[in-house]
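Trainee:
Numbering (my numbering), first residue to last: 95 to 259.
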């Protein structure tokens, strides 16, 4: 094979590119319906699998209430350490290929019952060993219910005062 043969083959290949591109476009258009069907069904199956996996993870959550003492006055370093501890708890259970981030998320909720503001840390039961460590000095971490299960409650935002009944 000589250099002239290689150059001729390259020129023939370049000359046939428009024809080959036309054939490829015709093939893609004639088979687009089933390719779109395969892509859509794969996406739907992945979404259903993530939803089913998150249902199990959401049912297995625990809630801890953070109860400070009267002399509670955290330093900025303690606040950063508590935030880092919550991030570590999320990383300790996060298996993004197997479970959804919805089920492994750690949530911090502020609730007010009877005029008393309380802070609750909610997370997967697998992360409770990380969350139970003291994040702040002079603070007790106590399960909300016996066994530490989360009570089903809907978050509500109320602005202003309560109407008189």
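Beta carbons are placed, not taken as given, at the ideal position from N, Cα and C, and that holds for glycine.
What would DSSP say about residue 152, mapped onto helix, strand or coil?
Mentor: Helix, per DSSP.
Trainee: Specify whether the region 204–214 and the region 163–172 touch according to this definition: at least 3 beta carbon pairs, one from each stretch, less than 8 angstroms apart.
Mentor: The region 204–214 vs the region 163–172: no contact.
Trainee: Looking at residue 162 and residue 238, is the spacing between their C-beta atoms short of 7 angstroms?
Mentor: Not a contact, by the Cβ cut-off of 7 angstroms.
Trainee: Report, in whole angstroms, the separation of the C-beta atoms of residue 155 and residue 116, which I expect to be a contact under 8 angstroms.
Mentor: Contact flag wrong, Cβ pair sits at about 57 angstroms.
Trainee: What span of residues does the alpha helix (DSSP H) with residue 205 cover, start to end?
Mentor: First-last for residue 205: 201–207, but that is the beta strand (DSSP E), not the alpha helix (DSSP H).
Trainee: Which whole-angstrom value is the C-beta distance of residue 159 and residue 220, which I expect to be below 8 angstroms?
Mentor: No, residue 159 and residue 220 are not in contact; Cβ-Cβ is about 19 angstroms, not under 8 angstroms.
Trainee: Give the DSSP-derived three-state secondary structure of residue 168 in the structure shown.
Mentor: Coil.
Trainee: Between which two residues does the beta strand (DSSP E) harbouring residue 215 extend?
Mentor: Segment 210–218, the beta strand (DSSP E) holding residue 215.
Trainee: To the nearest angstrom, report how far apart residue 126 and residue 104 are at their CA atoms.
Mentor: Residue 126 and residue 104: Cα-Cα distance of roughly 31 angstroms.
Trainee: Could you spell out where the alpha helix (DSSP H) holding residue 222 opens and where it closes?
Mentor: From DSSP, the alpha helix (DSSP H) with residue 222 extends over 222–225.
Trainee: Are the beta-carbon atoms of residue 182 and residue 224 separated by less than 7 angstroms?
Mentor: Yes, the Cβ-Cβ distance between residue 182 and residue 224 is below 7 angstroms.
Trainee: Does DSSP classify residue 238 as helix, strand or coil?
Mentor: Of the three classes helix, strand and coil, the one that applies to residue 238 here is coil, per DSSP.
Trainee: Taking only the alpha-carbon atoms, compute the straight-line gap between residue 118 and residue 131 and give it to the nearest angstrom.
Mentor: One C-alpha to the other measures close to 19 angstroms.
Trainee: Once the 5 residues before and after residue 101 are set aside, which same chain residues still bring their CB inside 7 angstroms of it?
Mentor: There are no such residues.
Trainee: Judging by CA-CA distance, which residue of 200, 165, 166 is the nearest neighbour of residue 94?
Mentor: This structure does not reach residue 94, given that the chain is present from 95 up to 259, and the question cannot be answered.
Trainee: Could you tell me the alpha carbon to alpha carbon distance between residue 206 and residue 176, rounded to whole angstroms?
Mentor: Their backbone Cα atoms lie some 21 angstroms apart in a straight line.
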